[in-house]
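Student: Numbered according to my numbering, the sequence shown terminates at residue 256, and the numbering increases by one at each position without gaps. All C-beta atoms, glycine included, are put in the ideal place defined by N, C-alpha and C. Structure in structure tokens, see below.
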Amino acid sequence: MAAVDQPADNPGITSGVYARVMARSSMMDTVRVLVVEDEPIMADAIAEWLRRETFAVDVVLDGDAALERLAVNDYDVLVLDRDIPVVHGDDVCRAVVESGAATRVLMLTAASAVRDRVQGLSLGADDYLSKPFAFAELSARVHALVRRARPAAPPVLERAGLRIDPARREVSRDGHWILLANKEFALLTELVLAGGAVVSAEQLLEKVWDEHIDPFTNVLRVTMMKLRRKLGDPPIVETVAGVGYRIR
């Protein structure tokens, strides 16, 4: 399948290209995707590609496991192989639609006949992609589904001199613009949304990354260090020992 390298986050990027960076990354804040694919190699390849696009991705290999995850997690998009074991993909799709969940369904299948596509869409799938496919097309379709599913632009968030515009992905402190990488932006947003309450490391890892993340990783500590440096002095992100973090 085709693959292209994605541009890395560049904290040193100049203000002259700020608008283009924001436009390119506008859909990248904590979009949760569940991939259901019974071929482990294919499942891992899809997940790896989508994570490169900064989606938070969980993977299961059968329909029963998919239903279990869907029952406890809110996903923006379900990438669903139609021919999966235990519970067929058609039944998983039907269950999602009947539940009234906002999750968008992108169905994958080796069957490319028109009647197969029509049948998949008639079950309630929002989009349909035949195998083999290019990873770039897969991620483009996921982005399109997210745009259709997301509600109107959220309100601007303000706390402790910070101003966060989630729709425009703009951050300022005391009137000074701050350019944040994707995970830094999502991390700061979660802390501000908490309204001064302490947010545990476990909650931040799950919301900003995904449940696939190693709970013993230092990625949160490293990202928090970079975020604090960019926010400047006086410090406003407080560490509550043994509990988590909060905005003062």
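In three-state DSSP terms, what is residue 184?
Tutor: Residue 184 falls in the strand class under three-state DSSP.
Student: Under 8 Å Cβ to Cβ from residue 203, same chain only, skipping five residues before and after it: list those, please.
Tutor: The residues are 167.
Student: Are the CB atoms of residue 82 and residue 114 within a distance shorter than 9 Å?
Tutor: It is not a contact, given that the beta carbons lie outside the stated cut-off.
Student: What are the boundary residues of the beta strand (DSSP E) that residue 246 is part of?
Tutor: Looking at the DSSP string, the run of the beta strand (DSSP E) that includes residue 246 is 245-248.
Student: Going by DSSP, name the residue or residues bridged to residue 115.
Tutor: Note: residue 115 sits in a beta bridge opposite 88 and 136.
Student: So what's residue 252 in DSSP terms, helix, strand or just coil?
Tutor: DSSP places residue 252 in strand when its eight states are reduced to three.
Student: Helix, strand or coil for residue 94, going by three-state DSSP, please let me know.
Tutor: Here residue 94 sits in coil by DSSP.
Student: Cβ of residue 195 within 9 Å of Cβ of residue 172?
Tutor: No, the Cβ-Cβ distance between residue 195 and residue 172 is not below 9 Å.
Student: What residue from 255, 52 and 67 has the CA that sits closest to residue 243's CA?
Tutor: Among 255, 52 and 67, the Cα nearest to that of residue 243 is on 255.
Student: In the DSSP output, what is residue 178 paired with across the bridge?
Tutor: BP columns for residue 178 point to 173.
Student: Could you check where the beta strand (DSSP E) with residue 202 kicks off and where it finishes?
Tutor: Note, residue 202: premise wrong, no beta strand (DSSP E); not H, not E.
Student: Can you tell me whether residue 45 is buried or exposed? The criterion is at least 16 other CB atoms within 10 Å of its CB, across all chains shown.
Tutor: The residue is buried, with at least 16 neighbouring Cβ atoms inside 10 Å.
Student: So, using beta-carbon positions, are residue 85 and residue 40 closer together than 9 Å?
Tutor: Yes, the Cβ-Cβ distance between residue 85 and residue 40 is below 9 Å.
Student: With residue 45 as the anchor, note down where its alpha helix (DSSP H) starts and where it stops.
Tutor: Per DSSP, residue 45 belongs to no alpha helix (DSSP H) and is neither H nor E.
Student: What is the residue span of the alpha helix (DSSP H) that residue 165 lies within?
Tutor: Not the alpha helix (DSSP H): residue 165 falls in the beta strand (DSSP E), residues 165-167.
Student: Unbroken alpha helix (DSSP H) runs of length 4 or more, entirely within the region 217-243: which are they?
Tutor: Here the runs fully enclosed are 227-239.
Student: Got a sec, what are the start and stop residues for the alpha helix (DSSP H) residue 80 sits in?
Tutor: Counting along the chain, the alpha helix (DSSP H) containing residue 80 begins and ends at 71-80.
Student: Does the Cβ of residue 177 have 16 or more other Cβ atoms within 10 Å, making it buried, or fewer, making it exposed?
Tutor: Counting Cβ neighbours within 10 Å, residue 177 comes out buried, since at least 16 surround it.
Student: Could you pull the start and end residues of the beta strand (DSSP E) that residue 68 belongs to?
Tutor: Note, residue 68: beta strand (DSSP E), 64-68.
Student: Determine whether the beta carbon atoms of residue 53 and residue 143 lie at a separation below 9 Å.
Tutor: It is a contact, given that the beta carbons lie within the stated cut-off.
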